[in-house]
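Reading through the structure tokens given below for one structure.
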Amino acid sequence: MVFSGLYPVDGDEYPELRDALDKLQLNDAALVYEPETSTALGFGFRCGFLGLLHMEIVRERLEREFDLSLISTAPNVVYRVVMESGRELTVTNPSDFPGGIDGFSAPASGGPKGNTGGKIKEVFEPVVRATIISPADYIGTIMELCQSRRGVLKGMDYLSTDRVEIRYMMPMAEIIFDFFDNLKSRTRGYASLDYELDGEQVANLVKVDILLQGQPVDAFSQIVHADNAREYGLAMTAKLKELIPRQQFEVPIQAAVGSRVIARENIRALRKDVLAKCYGGDITRKRKLLEKQKEGKKRMKTIGRVEVPQEAFVAALSTTQTESRGK
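In structure tokens:
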């Protein structure tokens, strides 16, 4: 299954969203959901779908039939995490992945966000057998795209002099978001894609946390391959720097894997010109005014909260998924 969070744009519509999901589930047994809370988006639901098409249909029905305005988080697959203690965890939400900013802390009793510590032994991710049929002219660009998504070539056959079938083994997480769009754009719409699940494989995956002023924002956390962690962190911090409005105090934006910061940007503080009315005079007075302003900014940074606009959240998720991948 593919899992994604659904949140109402207006937090007051949470009961309406719950009722709408209850009604949809009556004639759609494949839809599963559970309540979820996000620091950035408030109350919503973690929903499981039978692929991206199912997810798009459910969201469209919720918006059209029940007149709801929704935000959906980036889709994720099911990961199986084996701890060194032998305990196994099933993870569908990046915020539940062991190893946040506190180090490798695993959820207690298999539940989310527990305090029982432990180290990860192995992480398993679902894989698919993908079959691509395309004009032979695009073999090179298709192979480049598949290899950038951690694909392993399994075979290639010419169906005719100018038509080829290419078979790849690929992680499901790498194709559910924008792989098909990229494939179509690189082949001018001529390539077709078919895939089916083919078990799971061990992968070197990590959770990238995004921190605003030292506090992690669960909604921006993402499970990525270790080789792509820095690229995702750089893309997300740069995008959030553009999207979050400046505050009265400086706001650091950090991307971290465990306790290690891998990318950082700063949003500069808005600053009032406290010297505007000082025409000449003693330099010590100007220094006192600047020092007083500096102390006020420091105090504000300690107690201030950074508000992330929902527009910034949506734009960041929709753009960094593509930017963080190998171009």
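Residues -18 to 308 (the numbering used here) are what the sequence shown spells out, left to right.
Here a beta-carbon is modelled for each residue, glycine too, at the ideal position from N, C-alpha and C.
Please read these numbers as outputs of a predicted model, since none were measured by experiment.
Alpha carbon to alpha carbon, what distance is there between residue j and residue i?
i           : j           : result
residue 171 : residue 52  : 32 Å
residue 74  : residue 57  : 7 Å
residue 137 : residue 54  : 35 Å
residue 19  : residue 118 : 46 Å
residue 272 : residue 231 : 16 Å
residue 35  : residue 227 : 39 Å
residue 28  : residue 14  : 4 Å
residue -10 : residue 141 : 51 Å
residue 159 : residue 131 : 14 Å
residue 100 : residue 139 : 47 Å
residue -14 : residue 201 : 12 Å
residue 72  : residue -3  : 27 Å
residue 215 : residue 154 : 20 Å
residue 212 : residue 156 : 18 Å
residue 116 : residue 144 : 5 Å
residue 205 : residue 224 : 23 Å
residue 285 : residue 246 : Unreliable placement is indicated for residue 285, whose pLDDT of 43 sits below 50; the coordinate value is still reported in the next sentence. Going from the Cα of residue 285 to the Cα of residue 246 covers about 18 Å.
residue 2   : residue 41  : 12 Å
residue 220 : residue 120 : 33 Å
Just curious, the beta strand (DSSP E) that residue i is in, first and last residue?
i           : result
residue 26  : 23 to 30
residue 123 : Element bounds for residue 123: not the beta strand (DSSP E) but the alpha helix (DSSP H), 120 to 129.
residue 241 : 241 to 248
residue 138 : 133 to 141
residue 144 : 144 to 152
residue 105 : 101 to 116
residue -15 : -17 to -11
residue 236 : 232 to 238
residue 204 : 203 to 206
Cβ atoms of residue j and residue i: under 8 Å apart, would you say?
i           : j           : result
residue 78  : residue 183 : no
residue 60  : residue 22  : no
residue 197 : residue 208 : no
residue 178 : residue 164 : no
residue 30  : residue 12  : yes
residue 126 : residue 167 : yes
residue 186 : residue 235 : no
residue 62  : residue 70  : yes
residue 112 : residue 176 : yes
residue 109 : residue 33  : no
residue 24  : residue 67  : no
Out of the options, point me to the one whose CA is closest to residue i's CA.
i           : options            : result
residue 107 : 99, 139, 150       : 150
residue 244 : 210, 223, 250, 225 : 210
residue 135 : 147, 70, -7, 16    : 147
residue 310 : 9, 65, 236, 237    : Beyond the ends of the chain as shown, which are -18 and 308, falls residue 310; an answer cannot be given.
residue 309 : 7, 250, 42         : Given a span of -18 to 308 for the chain in the structure shown, any question on residue 309 remains unanswerable.
residue 5   : -5, 154, 43, 120   : 43
residue 17  : 225, 76, 1, 153    : 76
residue 195 : 205, 180, 241      : 241
residue 233 : 248, 45, 122       : 248
residue 162 : 123, 133, 181, 188 : 123
residue 374 : 188, 128, 237, 65  : For the chain, the structure presents residues -18 to 308; residue 374 sits outside this window and is missing.
residue 188 : 199, 238, 133, 129 : 238
residue 133 : 152, 120, 45       : 152
Counting along the chain, where does the alpha helix (DSSP H) carrying residue i start and finish?
i           : result
residue 214 : 210 to 224
residue -7  : Neither: residue -7 is in no alpha helix (DSSP H) and is coded neither H nor E.
residue 162 : 160 to 167
Subject >> Start-end ranges of the beta strand (DSSP E) lying completely within the segment 170 to 200, minimum 3 residues >> reply: 173 to 183, 186 to 193
* Could you name each continuous beta strand (DSSP E) segment of 3 residues or more that falls completely within the segment 1 to 72, going from the start of the chain to the end? => 13 to 19, 23 to 30, 51 to 53, 60 to 64, 69 to 72
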